[in-house]
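Residue 130 in UniProt numbering sits at position 130 of the sequence shown, and the numbers go up by one each step. Idealized CB from N, CA, C, for every residue including glycine.
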Amino acid sequence: MTEFLTTRLFLRPRRIADLEDCLAMDRDPLVTRFVAGPWGEPDAHRAFVLERMSHPYPPGMGYWTILDRNAAEGANFLGWILLLPVEGEENAAEIGWRLKRECWGRGMAPEAALPVLRHAFETLKVSAVVADIHPQNAASIKVAEKIGLRFAGETMADDAPAKSYRLASN
Numbered sequence: 001m002t003e004f005l006t007t008r009l010f011l012r013p014r015r016i017a018d019l020e021d022c023l024a025m026d027r028d029p030l031v032t033r034f035v036a037g038p039w040g041e042p043d044a045h046r047a048f049v050l051e052r053m054s055h056p057y058p059p060g061m062g063y064w065t066i067l068d069r070n071a072a073e074g075a076n077f078l079g080w081i082l083l084l085p086v087e088g089e090e091n092a093a094e095i096g097w098r099l100k101r102e103c104w105g106r107g108m109a110p111e112a113a114l115p116v117l118r119h120a121f122e123t124l125k126v127s128a129v130v131a132d133i134h135p136q137n138a139a140s141i142k143v144a145e146k147i148g149l150r151f152a153g154e155t156m157a158d159d160a161p162a163k164s165y166r167l168a169s170n
């Protein structure tokens, strides 16, 4: 899987070594308040994240760990970003992100998302990129809009109402 460098960030494929950082981030109730998951059940939470780490995603897709490229190794985990196939829609990809709370409001999510978005269109040649976002998650909606996704309607994601944001290829 491709790696990406931005002004402040290094994105590399997520690995098992990232597990504890991912679990710690998810245990922050503000980080996961808009996302369904087993965050309060340690064994189920660990199994949930491990399954996603070991899943065989299509080439060029999966999860990237977002690292602070200027911080010391081991102190540079900021979160993750994903690019996954959209179930039931051929040649479309879902984009999503999760960052530690101390990273919020600093422009890191769009900075991480833009190279992944370019990768989706330029390398993978997807027809569209979609983000389904909890209606009250104003920060993620702002990120989606900042990277060029536009409101495309209401939907259901993980059995909950969501707003769907979409960008089609040119």
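Can you name, in chain order, every residue of its own chain whose Cβ lies under 6 Å from the Cβ of residue i, other than the five neighbours on each side?
i      : result
CYS103 : LEU78
ILE141 : ILE133
ASP68  : ASN76, LEU78
What is the rounded straight-line gap between the Cα of residue i and the Cα of residue j?
i           : j      : result
GLU153      : ASP132 : It is worth fixing the name first, because residue 153 is Gly in this sequence and not Glu. Near 10 Å, if we compare the C-alpha coordinates of ASP132 and GLY153.
residue 211 : ALA157 : Residue 211 lies beyond the residue range present for the chain, which begins at 1 and ends at 170; the question has no answer from this structure.
ALA109      : ALA36  : 20 Å
GLU87       : PRO58  : 13 Å
MET61       : GLU51  : 15 Å
PRO161      : THR2   : 32 Å
GLU20       : PHE121 : 32 Å
residue 181 : ILE81  : This structure cannot settle anything about residue 181, because the visible part of the chain is limited to 1 through 170.
PRO135      : LEU83  : 21 Å
Where does residue i land, buried or exposed, given buried means 16+ other C-beta within 10 angstroms?
i      : result
ARG150 : exposed
GLU111 : buried
LYS163 : buried
ASP18  : buried
LEU5   : exposed
LEU30  : exposed
ARG14  : buried
GLU90  : exposed
Closer than 7 Å by C-beta to residue i: which residues in its own chain qualify, once you throw out the five before and the five after it? Chain order, please.
i      : result
ALA144 : ALA131, ILE133, TYR165
ILE16  : MET53
Please determine whether the Cβ atom of residue i lies at a distance below 6 Å from any heavy atom of the ligand NAP.
i      : result
ALA138 : The ligand content of the structure shown is nil, which means the ligand NAP is not present either.
Who are the Cβ neighbours of residue i in its own chain at under 8 Å, not counting the five residues just before and after it?
i      : result
LEU9   : ILE66, LEU67, ASP68, ARG69, LEU78, MET108, GLU111, ALA112
ASP159 : ALA36
Rounded C-beta distance between residue i and residue j? I'm assuming under 8 Å.
i     : j      : result
ASP28 : ARG101 : 6 Å
ARG12 : TRP64  : 6 Å
When you compare the segment 107-123 with the segment 35-49, are there three or more beta-carbon pairs, one atom per stretch, that lie closer than 8 Å? no
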